[in-house]
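Asker:
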Amino acid sequence: MSEREQLFRRLSAACGGRVPTAGEPLPGSDAGAPEGGLVARFADTFAAAGGVLLRGPVEEALSDLGELLRGEGVSALFCPEDDEAAREIAEALVPFGPFHLTTGAEVRGGSAAVTAGFRTAEAAISETGTIVETSAGGKTLLPGLIADVHVSIVPAGSVVARMEEALASFTPDPPRNISFLTGPSKTGDIEQTLTVGAHGPKKAIAFLLPP
Amino acid sequence: MGPSGSIPVSLFFTCLADAFSPGVCHATVEVLERFGATVRVPLSQTCCGQPAFNSGNRKEARAMARKFLRSFPDDGPIVTPSGSCAAMVKHGYPVLFRDEPRMLARARAVGERIYELSQFLVDVLGVTDPGSDFSGKVTYHDSCHLRRGLGVVEAPRKLLRAVPGVEFVEMEESDRCCGFGGVFSLKYPQISCRMTERKVERILATGASYVTSGDLGCLLNIGGLISRIGYPVKAIHLAEILAGGAGGGPPGAAADAKKGGG
Amino acid sequence: MELHANAFGRNARKALLDKSLQEALGRTTGRFLAHRDAAVAAFPEFEATRERASRIKGDVLDHLDTYLARFVEAAERRGAIVHVARDAPEAREIAARIARDEGVTLAVKSKSMASEEISFNEALQEAGVTVVESDLGEFIIQLAGEAPSHIIAPAVHKTRQEVSRLFERHLGEPRTDSIPELVGMARRHLRSKFLSAGMGVSGGNFLVADTGSVVLVTNEGNGRMGTILPRVHLAVVGIEKVIPRMADLPTFLRLLPRSASGQAISSYVSILTGTRSAGDPEGPERMHILLLDCGRSAILEGKYREILKCVRCAACLNVCPVYQSVGGHAYGWVYSGPIGAVLTPLLVGLPEAAALPDASTLCGACADVCPVKIPLPDFLLELRSDAREQGLKTPGEIAAMKGYAGVMKRAGLLEALERIAGVLGQFFTKGKGIAGLPYPLSGWTERRDFPAAAVQPFRKQWKIKRGVRR
Numbered sequence: 000m001s002e003r004e005q006l007f008r009r010l011s012a013a014c015g016g017r018v019p020t021a022g023e024p025l026p027g028s029d030a031g032a033p034e035g036g037l038v039a040r041f042a043d044t045f046a047a048a049g050g051v052l053l054r055g056p057v058e059e060a061l062s063d064l065g066e067l068l069r070g071e072g073v074s075a076l077f078c079p080e081d082d083e084a085a086r087e088i089a090e091a092l093v094p095f096g097p098f099h100l101t102t103g104a105e106v107r108g109g110s111a112a113v114t115a116g117f118r119t120a121e122a123a124i125s126e127t128g129t130i131v132e133t134s135a136g137g138k139t140l141l142p143g144l145i146a147d148v149h150v151s152i153v154p155a156g157s158v159v160a161r162m163e164e165a166l167a168s169f170t171p172d173p174p175r176n177i178s179f180l181t182g183p184s185k186t187g188d189i190e191q192t193l194t195v196g197a198h199g200p201k202k203a204i205a206f207l208l209p210p
Numbered sequence: 000m001g002p003s004g005s006i007p008v009s010l011f012f013t014c015l016a017d018a019f020s021p022g023v024c025h026a027t028v029e030v031l032e033r034f035g036a037t038v039r040v041p042l043s044q045t046c047c048g049q050p051a052f053n054s055g056n057r058k059e060a061r062a063m064a065r066k067f068l069r070s071f072p073d074d075g076p077i078v079t080p081s082g083s084c085a086a087m088v089k090h091g092y093p094v095l096f097r098d099e100p101r102m103l104a105r106a107r108a109v110g111e112r113i114y115e116l117s118q119f120l121v122d123v124l125g126v127t128d129p130g131s132d133f134s135g136k137v138t139y140h141d142s143c144h145l146r147r148g149l150g151v152v153e154a155p156r157k158l159l160r161a162v163p164g165v166e167f168v169e170m171e172e173s174d175r176c177c178g179f180g181g182v183f184s185l186k187y188p189q190i191s192c193r194m195t196e197r198k199v200e201r202i203l204a205t206g207a208s209y210v211t212s213g214d215l216g217c218l219l220n221i222g223g224l225i226s227r228i229g230y231p232v233k234a235i236h237l238a239e240i241l242a243g244g245a246g247g248g249p250p251g252a253a254a255d256a257k258k259g260g261g
Numbered sequence: 000m001e002l003h004a005n006a007f008g009r010n011a012r013k014a015l016l017d018k019s020l021q022e023a024l025g026r027t028t029g030r031f032l033a034h035r036d037a038a039v040a041a042f043p044e045f046e047a048t049r050e051r052a053s054r055i056k057g058d059v060l061d062h063l064d065t066y067l068a069r070f071v072e073a074a075e076r077r078g079a080i081v082h083v084a085r086d087a088p089e090a091r092e093i094a095a096r097i098a099r100d101e102g103v104t105l106a107v108k109s110k111s112m113a114s115e116e117i118s119f120n121e122a123l124q125e126a127g128v129t130v131v132e133s134d135l136g137e138f139i140i141q142l143a144g145e146a147p148s149h150i151i152a153p154a155v156h157k158t159r160q161e162v163s164r165l166f167e168r169h170l171g172e173p174r175t176d177s178i179p180e181l182v183g184m185a186r187r188h189l190r191s192k193f194l195s196a197g198m199g200v201s202g203g204n205f206l207v208a209d210t211g212s213v214v215l216v217t218n219e220g221n222g223r224m225g226t227i228l229p230r231v232h233l234a235v236v237g238i239e240k241v242i243p244r245m246a247d248l249p250t251f252l253r254l255l256p257r258s259a260s261g262q263a264i265s266s267y268v269s270i271l272t273g274t275r276s277a278g279d280p281e282g283p284e285r286m287h288i289l290l291l292d293c294g295r296s297a298i299l300e301g302k303y304r305e306i307l308k309c310v311r312c313a314a315c316l317n318v319c320p321v322y323q324s325v326g327g328h329a330y331g332w333v334y335s336g337p338i339g340a341v342l343t344p345l346l347v348g349l350p351e352a353a354a355l356p357d358a359s360t361l362c363g364a365c366a367d368v369c370p371v372k373i374p375l376p377d378f379l380l381e382l383r384s385d386a387r388e389q390g391l392k393t394p395g396e397i398a399a400m401k402g403y404a405g406v407m408k409r410a411g412l413l414e415a416l417e418r419i420a421g422v423l424g425q426f427f428t429k430g431k432g433i434a435g436l437p438y439p440l441s442g443w444t445e446r447r448d449f450p451a452a453a454v455q456p457f458r459k460q461w462k463i464k465r466g467v468r469r
């Protein structure tokens, strides 16, 4: 008998051949949407997680974004080739640096520049201030993975209330990678002192697109 | 003052208080009688068996549990000045007798009617003012079994705050274990002492002259460290504060209390 | 990992005298606790969510055969190769074989306590694979050649100066006092590893049965890097980590980060299902899931099965006054604190770890904070009883217990002994405390006074007072 068969034999013996049933309803957590509007709540929770939210007329927002990126020492911008909204914003941002455009492949190849990666979020969760990115449809995850600054383009209509809703749209057959990204990367591993910017991006920016 | 009327109550005075602090037992009787209880003291009682149970020696613990159940055959509440002993009977006995249905039923029935002193005074007798003449600045240590085992948090505080002469001050980490843990203090004495030191630091930070609690084990532990170093705090049992007047607790405590404390 | 659980007493004493460790422990556990308490206070549904999580995990344990089978089937349908290891030697053999078959020479690893159980890194290194820990805390202790001392903060015991010395010696970096600079050094050094490693190794916080997904809950971003960039992904996970449905995941996500470090959610949650699809620009071509039994199915059969609900948040460590005093290494194996005191004996055998269940005052603080409501104090008590039954107690303790019970059987005998003790106590101490007692009570009197017995025990005083005779 294979190791797997032996394991399941042991488990079945321990579980007594019971079959899961629906059972009683579980406590907690089926509450409806929180008050205040999804986008407003997302703005709060995203900021609480250390993210920076930009909104308002595109021109002003671009200027603010340019300033933020310059402050981080960013020189290169990249975005997915097939991501229209991200491309538009990255291209429009070039003069505010000045920045230059690069590709994910170059950054992955080991470019030394300080980079900002742009990508449209597939969803945003107001409960937690989370950006959702997945590999569905062959989309790249590099902007939120290897850039020094991650800029998420968040369409107002993509904001959902709770994690359950975000997950429901990707089940039953999830893509290889569903990523919940909440704020910049961080670590407290040295002397329990919180440091922002570990292996992932050091700064998380959400650029909210009007409806 | 609570409602009067003659409630028969059995006193479970605990082996620790019996041997080391009889004043605690007398104080408990005094307070109960003050509020109309008629106190029976079954003298065949010895020990609830906690030290044996907590160290995994269930055979010996069962022997003591049987004796305990035999010593308290009557109906009516059993009151004890020890949170850990009450918790032992309530929660430990059903574990000890889980394979003996008859004893289990008996243990459960007794568990239903056993109370720690402050719990009994406030929740059963409805006492709001203990009528004590004790005076002094007092801080309170939540013993683990009284707080987490029995869920008694407010009753001792309500009673202490109601004593006119008591200046009550909360310590930080009042519910952090003092490090006694019964046999733990003998098995791992250095860790135990470290925990006691931290508790004493919190007590000293309040500026209180007295630390009190519903568990004598904790008080002997804390008091033992205090007296070795010579800190200006006395460990005194809750029952003695509630009784006021002459208490008779660990050497020195009640006598000073009579003089009005520090 | 090597096992030294029965040296707990000696290691604890050493730890108490280690000033730098004591400082680190005070700072760390205090902070974790404060953050946890604040996060819980800000989340009114916490108690209801705990109950929900405990019940979901209970359902999983009741039907682990069904749910695990579902997981395996779903994962394989998505291209994962699922392996089962009964014990650590088998797990090491499988891990080495996977690395060999996949032609891996460099593996980058994110945090996995289960992999510590089986000494995974050594197994791969013996097979000629370089394994680089990428979780900052694990990276630090890997350089130091040490074992992790806390479930979620492995380098809790190291000061920044110690870290800087390690980075100077092993990475050629200049000395610094700045923590952000130290983190930046690690980021630079590890970035190239992520980009060039043939295999990323992860643990698994949760296994989702209905989709075959492995879920990672992290803050640093290294877990993502290692499971997106390399060609091969190997997840090493205990069989008990299953949850039934994707829809159950948020319940646990609401509890785990709050309990661990006081965050409403961690920076990253990665839900990883199978291999990359054709056309995906990144993602592993090959995915292996190594499921570990390693003693878990045996626990499932017995009275301790609820311990398998553990989600490895370490809240019980942070709140435990014993852990706070001695730190993780004293517990002598992978798991420390209250969870370690129960899980280690259950996984390695009680005779090898009988010292651990005694390392507790049974204060109950751990049970208060456990997000899945494991009755840890009850299990500690049960293990102590098991130790007696398995003949692991010293003859001295048993004799003392029998003696004590023998006295307590007869109130008359007890009273007689109390009166003798009372007279002796008065004679030797004049009513003051006792400063020195013989073993085993000497443990007490090293640093504390012990009261003298009352001249007359209460029971005698009562008889006199009330004029009764019995």
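Residue numbers (numbering that gives the first Met the number 0), protein chains in the order written: chain R, 0 to 210; chain W, 0 to 261; chain B, 0 to 469.
Backbone N, C-alpha and C fix where the C-beta goes; we use that ideal spot for every residue, glycine too.
(1) Using the Cβ count rule (16 or more neighbours within 10 Å means buried), how would you classify A12 of chain R?
(2) Which residues bound the beta strand (DSSP E) around Y139 of chain W?
(3) How would you write the range of the alpha helix (DSSP H) that P50 of chain W sits in, first residue to last?
(4) Please report how far the alpha carbon of E145 of chain B lies from the alpha carbon of G48 of chain W, in whole angstroms.
(5) Evaluate contact between the segment 36-56 of chain W and the segment 401-410 of chain B, counting only Cβ atoms and requiring at least three cross-stretch pairs below 8 Å.
(6) Got a sec: which bits of the segment 303-330 of chain B sit with their beta carbon under 8 Å from any beta carbon on chain W, in order along the chain?
(7) So, at 7 Å on beta carbons, what are the nonlocal neighbours of R33 of chain W in its own chain, with the 5 sequence-adjacent residues on each side left out?
(8) Measure the C-alpha to C-alpha separation of E72 of chain B and A104 of chain W and round it to an integer number of angstroms.
(9) DSSP three-state label for G260 of chain W, please.
(10) Does the Cβ-Cβ distance between S235 of chain B and S148 of chain B come in under 8 Å?
(11) Residues in its own chain within less than 6 Å of A242 of chain W by CB, not counting five upstream and five downstream?
(12) Check whether the Cβ of L248 of chain B lies closer than 8 Å to any Cβ atom in chain R.
(13) Put K18 of chain B into one of helix, strand or coil per three-state DSSP.
(14) Determine contact between the segment 322-335 of chain B and the segment 349-358 of chain B, defined as no fewer than three beta-carbon pairs at a distance below 8 Å.
(15) For the segment 146-210 of chain W, which segments carrying the beta strand (DSSP E) assignment without a break, of at least 3 residues, lie completely within its bounds, in sequence order?
(16) State yes or no: is the beta carbon of V8 of chain W nearer than 8 Å to at least one beta carbon in chain B?
(17) Any idea what DSSP makes of K89 of chain W, helix, strand or coil?
(18) Which first and last residues belong to the beta strand (DSSP E) in which T393 of chain B is found?
(19) Name the chain B residues whose beta carbon is nearer than 7 Å to that of F12 of chain W?
(20) List the residues of chain R whose Cβ lies closer than 8 Å to the Cβ of R51 of chain B, in chain order.
(21) What residue range does the beta strand (DSSP E) around N176 of chain R cover?
(22) In this structure, does DSSP put S191 of chain B in helix, strand or coil?
(23) Where does I221 of chain W land, buried or exposed, given buried means 16+ other C-beta within 10 angstroms?
(24) Suppose the cutoff is 7 Å on Cβ atoms and the five residues either side in sequence are ignored; what does the same chain contact list for V81 of chain B look like?
(25) Measure from the alpha carbon of P256 of chain B to the alpha carbon of each residue in B:T250, B:L248 and B:S265, then state which is nearest.
(26) Okay, do the segment 35-48 of chain R and the segment 143-160 of chain R touch, 3+ Cβ pairs below 8 Å being the bar?
(27) First and last residue of the alpha helix (DSSP H) that includes V74 of chain B?
(28) How far does the beta strand (DSSP E) with K202 of chain R in it extend, from its first residue to its last?
(29) In whole angstroms, give me the CA-to-CA distance for G72 of chain R and K202 of chain R.
(30) Is there a Cβ from chain R that is less than 8 Å from the Cβ of E172 of chain B?
(31) Checking contacts by CB at 8 Å: is L269 of chain B closer than that to chain R?
(32) Please list, in chain order, the chain R residues whose beta carbon lies closer than 9 Å to that of H287 of chain B.
(33) From the DSSP output, in three-state form, read off K302 of chain B for me.
(34) Compute the Euclidean distance between the alpha carbons of L32 of chain B and L412 of chain B, then round it to the nearest angstrom.
(35) Using only the alpha-carbon positions, how far apart do C319 of chain B and C192 of chain W sit?
(36) Is the segment 40-51 of chain R close to the segment 116-130 of chain R, with three or more CB pairs under 8 Å?
Answerer: So, from the listed chains and residues:
(1) Translated into positions along the first sequence, residue 12 of chain R becomes position 13. Exposed is the call here.
(2) Here residue 139 of chain W refers to the residue found at position 140 when the second sequence is read from its first residue. Element bounds for Y139 of chain W: G135 to Y139.
(3) What you label residue 50 of chain W is simply residue 51 of the second sequence in a count that begins at 1. Its alpha helix (DSSP H) spans residues Q49 to N53.
(4) Along the third sequence, one-based indexing puts residue 145 of chain B at 146. Along the second sequence, one-based indexing puts residue 48 of chain W at 49. Cα to Cα, the separation comes out at about 43 Å.
(5) yes
(6) P320, V321, S324 and V325
(7) What you label residue 33 of chain W is simply residue 34 of the second sequence in a count that begins at 1. Once the five neighbours on either side are set aside, the close Cβ partners of R33 of chain W are G130.
(8) Along the third sequence, one-based indexing puts residue 72 of chain B at 73. Along the second sequence, one-based indexing puts residue 104 of chain W at 105. Approximately 48 Å between the Cα atoms of the pair.
(9) One-based indexing of the second sequence puts residue 260 of chain W at position 261. Any reading at G260 of chain W must be qualified, since the residue scores a pLDDT of 37, below 50, and its modelled position is unreliable; the value itself is stated next. G260 of chain W: coil per DSSP, three-state reduction.
(10) Within the third sequence, residue 235 of chain B is the residue found at index 236, counting from 1. Within the third sequence, residue 148 of chain B is the residue found at index 149, counting from 1. Looking at the sequence provided, one finds Val at residue 235 of chain B rather than Ser. No, Cβ-Cβ distance for V235 of chain B and S148 of chain B is not below 8 Å.
(11) Taking the second sequence and counting its residues from 1, the one referred to as residue 242 of chain W is at position 243. Excluding positions up to five away in sequence, the list reads A26, E29 and V30.
(12) Counting from one through the third sequence, the residue named residue 248 of chain B turns up at place 249. True, the Cβ-Cβ gap to chain R drops below 8 Å.
(13) In the third sequence, counting from the first residue as 1, residue 18 of chain B sits at position 19. Three-state DSSP puts K18 of chain B in a helix.
(14) yes
(15) 165-167
(16) As a working mapping, residue 8 of chain W is identified with position 9 in the second sequence. It does not: the Cβ of V8 of chain W has no partner Cβ on chain B nearer than 8 Å.
(17) Taking the first residue of the second sequence as position 1, residue 89 of chain W is located at position 90. Looking at K89 of chain W - three-state DSSP - the assignment turns out to be helix.
(18) Numbered from its first residue, the third sequence carries residue 393 of chain B at position 394. Here T393 of chain B belongs to no beta strand (DSSP E), and DSSP marks it neither H nor E.
(19) Start at 1 with the first residue of the second sequence, and residue 12 of chain W comes out as number 13. Within chain B, the residues near F12 of chain W are F457.
(20) Here residue 51 of chain B refers to the residue found at position 52 when the third sequence is read from its first residue. Near R51 of chain B (Cβ distances below 8 Å), the residues of chain R are L25, P26, G27 and S28.
(21) As a first step, residue 176 of chain R must be located in the first sequence, where it is residue number 177. N176 of chain R -> beta strand (DSSP E) spans N176 to L180.
(22) Stepping through the third sequence from its first residue, residue 191 of chain B is reached at position 192. Three-state result, S191 of chain B: helix.
(23) Translated into positions along the second sequence, residue 221 of chain W becomes position 222. Answer is buried; the Cβ neighbour count reaches 16.
(24) Taking the first residue of the third sequence as position 1, residue 81 of chain B is located at position 82. So the list reads V71, A74, E75, I288 and L290, once near-sequence residues are dropped.
(25) As a first step, residue 256 of chain B must be located in the third sequence, where it is residue number 257. Checking every option, the nearest Cα to that of P256 of chain B belongs to B:S265.
(26) yes
(27) Working through the third sequence from its first residue, we reach residue 74 of chain B at position 75. Before going on, a small fix: residue 74 of chain B reads as Ala here, not Val. Counting along the chain, the alpha helix (DSSP H) containing A74 of chain B begins and ends at L63 to R76.
(28) The sequence position of residue 202 of chain R within the first sequence is 203, counting from 1. Start and end: K202 to L208.
(29) In the first sequence, the residue the question calls residue 72 of chain R occupies position 73. In the first sequence, the residue the question calls residue 202 of chain R occupies position 203. Going by the C-alpha atoms only, they are around 12 Å apart.
(30) Along the third sequence, one-based indexing puts residue 172 of chain B at 173. False, the Cβ-Cβ gap to chain R never drops below 8 Å.
(31) Within the third sequence, residue 269 of chain B is the residue found at index 270, counting from 1. Before going on, a small fix: residue 269 of chain B reads as Ser here, not Leu. At least one chain R Cβ lies under 8 Å of S269 of chain B.
(32) Numbered from 1 along the third sequence, position 288 holds the residue referred to as residue 287 of chain B. Here the premise fails: no neighbours, minimum Cβ distance about 14 Å.
(33) Taking the third sequence and counting its residues from 1, the one referred to as residue 302 of chain B is at position 303. Coil, per DSSP.
(34) The residue you call residue 32 of chain B lines up with position 33 of the third sequence. The residue you call residue 412 of chain B lines up with position 413 of the third sequence. Their Cα atoms are separated by approximately 48 Å.
(35) Position 320 of the third sequence holds residue 319 of chain B. Position 193 of the second sequence holds residue 192 of chain W. Distance between the alpha carbons of C319 of chain B and C192 of chain W: 15 Å.
(36) yes
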